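Sequence order for the protein chains is G and Y.
Residues 1 to 395 (my numbering) make up the first sequence, in order.
Residues 1001 to 1395 (my numbering) make up the second sequence, in order.
What follows is a single structure, written as structure tokens, with notes after it.
Protein chains: 2
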Amino acid sequence: MSSSSSASAPPAAPGDPLACIDTPALVLDLDAFEANVAALHAHAGARGVRVRAHGKAHRCPEISRRQIAAGAVGVCCQKVGEAEGFAEAGIADILVSNEIVDPAKLDRLARLARRVRLAVCVDHPDAVAALARACVTAGARIDVLIELDVGQGRCGVTTIDEVVALARVVAAASPALRLRGLQAYHGSAQHLRTAQARSQAIAAAARRAALARDTLRSAGFGCYEVSGGGTGTFAHEAASGVYTEIQPGSYALMDLDYRANEPDATTPALRQAMGVMMSVMSVRAGHAVLDGGLKAVSVDSGPPALRLPGWRVHGVSDEHTVIEPVEAGCEVPAIDGGRAGVPAPLLSHLPALGQRCVLDPGHCDPTVNLHDWVVAYRGDRVEAVWPVLSRGASR
Amino acid sequence: MSSSSSASAPPAAPGDPLACIDTPALVLDLDAFEANVAALHAHAGARGVRVRAHGKAHRCPEISRRQIAAGAVGVCCQKVGEAEGFAEAGIADILVSNEIVDPAKLDRLARLARRVRLAVCVDHPDAVAALARACVTAGARIDVLIELDVGQGRCGVTTIDEVVALARVVAAASPALRLRGLQAYHGSAQHLRTAQARSQAIAAAARRAALARDTLRSAGFGCYEVSGGGTGTFAHEAASGVYTEIQPGSYALMDLDYRANEPDATTPALRQAMGVMMSVMSVRAGHAVLDGGLKAVSVDSGPPALRLPGWRVHGVSDEHTVIEPVEAGCEVPAIDGGRAGVPAPLLSHLPALGQRCVLDPGHCDPTVNLHDWVVAYRGDRVEAVWPVLSRGASR
Chain G
1 MSSSSSASAP PAAPGDPLAC IDTPALVLDL DAFEANVAAL HAHAGARGVR
51 VRAHGKAHRC PEISRRQIAA GAVGVCCQKV GEAEGFAEAG IADILVSNEI
101 VDPAKLDRLA RLARRVRLAV CVDHPDAVAA LARACVTAGA RIDVLIELDV
151 GQGRCGVTTI DEVVALARVV AAASPALRLR GLQAYHGSAQ HLRTAQARSQ
201 AIAAAARRAA LARDTLRSAG FGCYEVSGGG TGTFAHEAAS GVYTEIQPGS
251 YALMDLDYRA NEPDATTPAL RQAMGVMMSV MSVRAGHAVL DGGLKAVSVD
301 SGPPALRLPG WRVHGVSDEH TVIEPVEAGC EVPAIDGGRA GVPAPLLSHL
351 PALGQRCVLD PGHCDPTVNL HDWVVAYRGD RVEAVWPVLS RGASR
Chain Y
1001 MSSSSSASAP PAAPGDPLAC IDTPALVLDL DAFEANVAAL HAHAGARGVR
1051 VRAHGKAHRC PEISRRQIAA GAVGVCCQKV GEAEGFAEAG IADILVSNEI
1101 VDPAKLDRLA RLARRVRLAV CVDHPDAVAA LARACVTAGA RIDVLIELDV
1151 GQGRCGVTTI DEVVALARVV AAASPALRLR GLQAYHGSAQ HLRTAQARSQ
1201 AIAAAARRAA LARDTLRSAG FGCYEVSGGG TGTFAHEAAS GVYTEIQPGS
1251 YALMDLDYRA NEPDATTPAL RQAMGVMMSV MSVRAGHAVL DGGLKAVSVD
1301 SGPPALRLPG WRVHGVSDEH TVIEPVEAGC EVPAIDGGRA GVPAPLLSHL
1351 PALGQRCVLD PGHCDPTVNL HDWVVAYRGD RVEAVWPVLS RGASR
């Protein structure tokens, strides 16, 4: 059995002009990408905080390699399959910033730990025991971060007593397991729209993490890492004096949801580096249709935004995106050439059949996961095409 | 360059019990699938209407083969890449029910037409001319359906004059192109919630298609096919006396959005055959967390529904689905074993770490496209695992 298909051919080649990219395609503006990486890494470095760049945003080892070359200590990811992909591509320091409980997945994780520096999060003693068994069987050793729920309301223990109880279970499994510290990730805080709300949420998270860390240390446990913080809040974690490591992923690519946050004077500005290129496949009276839809761009955080002056997205279906003039009631040429009602300013940039457009996605992570390739461009030329090696690696 | 990854290992093997499926995984209840196929094909057959089963819903040739074995005349699909995948898997009659305008894609389409019976939709004379050139170059012949917008407001010409004008362009390109008929698909009518609204919308679409067909015939053009109609409305197209062929796809799998339609006495009932299996990865006070999220189930038509009595979906993020008890304010055991507030009826089915759950997706097409494999089961055992061969084939 094989899952290979004709979908796997790359949509462009280095040197191609942008208008020759086969669409729909995921595209990355390298100038913006490099500026984002430089800005965030400099910000964290100046505050003595390590960057562990999250691979779940892009699932692309080539992007991770560039983040590591720019100072990241390694990657984090959410899934064993992602970790395997990154390890296969030569990434040597991986944190699975998530709970793994399935025995078969724990066996894969333990085998992986023989090849790379590996850590994983825990929030349940049964899972710690199962992880320890897998490590003993594989002859491997894994670092553990106890996940503390600092406001996300998803995984993670909620009381300091539970943190200490889990630390005891981890310690009892030494030397197979070693307590590295705490995972204190507040994902939902990143999407609070005001700078003040984000700042307050992370201040509370940092206080909670500091209490857990200090209690662990008082009880004689090592806890040298407090890891957490993503694109929407990393400046607050970096300034907290508590977090030792941040885990941003989207910062390198960016999306509309993060751009909707009120800017924060303490946070470096990030540019929209990632987009989805589509082509005009139908031009009708009053609208046009692009050749990509829900299978090319995720709409869980709202529809994508079109980079085409005077036009906006009207709707997205499986394989189509309908676009319309921003000004209500104006018309584009019908097939018979009639142009009644088209405002003069629009006439200079009416879409033509086959014309390429780029859309900024509402949410980058699930959008990247729809594509097998990242077309990296600089200016008006394709510079490289990278496989999204861990596309679909959610197991 | 290769886009292969560790993600491509199948999540189960034939004979496995359901509790051993690696998650998240796309699962298909074969009894329900076969019942849906039998019910719809019998309904259409009794009315003398052909079924051209839409492959965009599942992108899986093995499912198409079973639909054809059950009487479908062939498949339709939206993309050249899908058509290539189906042809590669041995499907011999394919309609690309969509406009293709890119010259490179038209070249691929023409090459494919040398191997299979192929048709494609058009709505612009420039695209017809480009298609004809590609066919001449390839020494191929392609059938053409003129797409008439019958209410969808997306692709397709809107006037009868345009239909006739396009027919002339197609005729001028004979023998490379041959006019097969009309594409008259009203996608949005399928999601109108009342049976009356759907019936009225398709009646109007059929009148419009009949007028175009009759006008073409009066002008001396052949037009023997009127194709259209999907899962939400196929009984109306089949009863219209105008449509010769219906194009349902979701009917074999089903999703929450179609189930939200008011039932219609004229339409055979369809069962939920497709689901996404996930495992419980964290059990907290008041909620539990499943190990799949936006990268395993599409939420464009709303969140998935959980098949676990007493529980519902609270939220879906990239790799997590948080579930909670249906009764507000009730609690599930915290890690310390406290059970305060749990209503007695819930105690018998509290989720356990590692427990499998199945979720019914809001929208099947983009959900299938997130997976490399369909795990087909019957009763409590896996019967087969099929590749989603054209997963990602949106180019």
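Glycine included, each C-beta is placed from N, C-alpha and C at the ideal position.
All values reported here derive from a predicted model rather than from experimental measurement.
Taking all protein chains in view, the Cβ of G/Asp380 is surrounded by fewer than 16 other Cβ atoms within 10 Å, so the residue is classified as exposed. For Y/Pro1366, the uninterrupted alpha helix (DSSP H) run begins and ends at 1364-1368, by DSSP. Here Y/Pro1325 carries a strand assignment [DSSP, helix/strand/coil]. The region 247-261 of chain G and the region 269-277 of chain G touch, with no fewer than 3 CB-CB distances between them shorter than 8 Å. Counted as a single uninterrupted DSSP element, the stretch harbouring G/His371 is not any alpha helix (DSSP H), since DSSP gives it neither H nor E.
Nearest neighbour of Y/Val1150 by Cα position, chosen from Y/Ser1250, Y/Ala1238, Y/Ser1008, Y/Arg1208, turns out to be Y/Arg1208. Y/Ile1021 and Y/Gly1090 have their C-alpha atoms roughly 29 Å apart. Counting only Cβ-Cβ distances below 8 Å, G/Gly15 has no contacts in chain Y at all, with the closest Cβ about 15 Å away.
Using beta-carbon distances, Y/Ala1305 does not count as an interface residue toward chain G, since no partner is under 8 Å.
Under the Cβ criterion (8 Å, minimum of three pairs), the region 1043-1056 of chain Y does not count as touching the region 1279-1297 of chain Y.
Identification of chain Y residues near G/Val299 by a Cβ-Cβ cut-off of 8 Å yields Asp1300, ordered along the chain.
Partner residues in the beta bridge of Y/Glu1099, as assigned by DSSP, are Y/Cys1121.
If the five residues before and after G/Arg356 are omitted, its C-beta is found closer than 6 Å to the C-beta atoms of Ala19, Met277, Ser279, all from its own chain and listed in chain order. Cβ neighbours of G/Ala352 within its own chain (closer than 8 Å, five residues either side excluded): Val280, Val283.
In the DSSP assignment, G/Gly222 falls outside any beta strand (DSSP E) and carries neither an H nor an E. Looking at the DSSP output, Y/Arg1052 sits in a beta bridge with Y/Gly1074. By the criterion of a C-beta distance shorter than 7 Å, G/Thr367 is surrounded in its chain by Val276, Val297, Ser298, Pro361, once the five residues flanking it on both sides are discounted. Taking a beta-carbon distance threshold of 8 Å, G/Arg154 counts as an interface residue toward chain Y. By the CB criterion at 8 Å, G/Ala173 and G/Ala113 fall outside the cutoff. Using a C-beta cut-off of 8 Å, the region 70-77 of chain G makes contact with the region 49-56 of chain G, since at least three inter-stretch Cβ pairs fall below that distance. Residues of the region 112-137 of chain G with a C-beta atom less than 7 Å from some C-beta of chain Y are Asp123, His124, Asp126, Ala127, listed in chain order. Counted as a single uninterrupted DSSP element, the stretch harbouring G/Ala296 is not any alpha helix (DSSP H), since DSSP gives it neither H nor E. Listed by position along chain Y, the residues whose Cβ is nearer than 8 Å to that of G/Ala296 are Ser1394.
Shown in chain order are the members of the region 1310-1325 of chain Y whose Cβ falls below 8 Å from a Cβ of chain G: Val1316, Ser1317, Asp1318, Glu1319, His1320, Val1322. Its chain contains Cys1121, Asp1123, Cys1155, Gly1156, Gln1183 as the residues whose beta carbon lies nearer than 6 Å to that of Y/Glu1147, once the 5 sequence neighbours on both sides are disregarded; these appear in chain order.
Contacts with chain Y (Cβ-Cβ distance below 8 Å) from the region 64-97 of chain G involve Gln78, Lys79, Gly81, Glu84, Gly85, Glu88, listed in chain order. Think of a sphere of 8 Å around the beta carbon of G/Pro11: the chain Y residues whose beta carbon falls inside it are Arg1395, in chain order.
Note on the region 16-60 of chain G: whole alpha helix (DSSP H) runs with a minimum of 4 residues are 30-46, in chain order. G/Ser390 carries a coil assignment under DSSP once its states are collapsed to helix, strand and coil. The region 1306-1314 of chain Y and the region 1372-1379 of chain Y do not touch, with fewer than 3 CB-CB distances between them shorter than 8 Å. Put simply, of G/Gly85, G/Ala235, G/Glu319, G/Gly229 the residue whose alpha carbon is nearest the alpha carbon of G/Leu389 is G/Gly85. In the structure shown, G/Gly85 falls within a helical segment according to DSSP collapsed to helix, strand and coil. Secondary structure at G/Gln190: helix, using DSSP grouped into helix, strand and coil. The continuous alpha helix (DSSP H) containing G/Ala167 extends over residues 160-172. Within chain Y, the C-beta atoms nearer than 9 Å to that of G/Asn369 come from Leu1294, Lys1295, Asp1318, Leu1370, in chain order. Counting along the chain, no beta strand (DSSP E) covers Y/His1320, and no H or E run does either.
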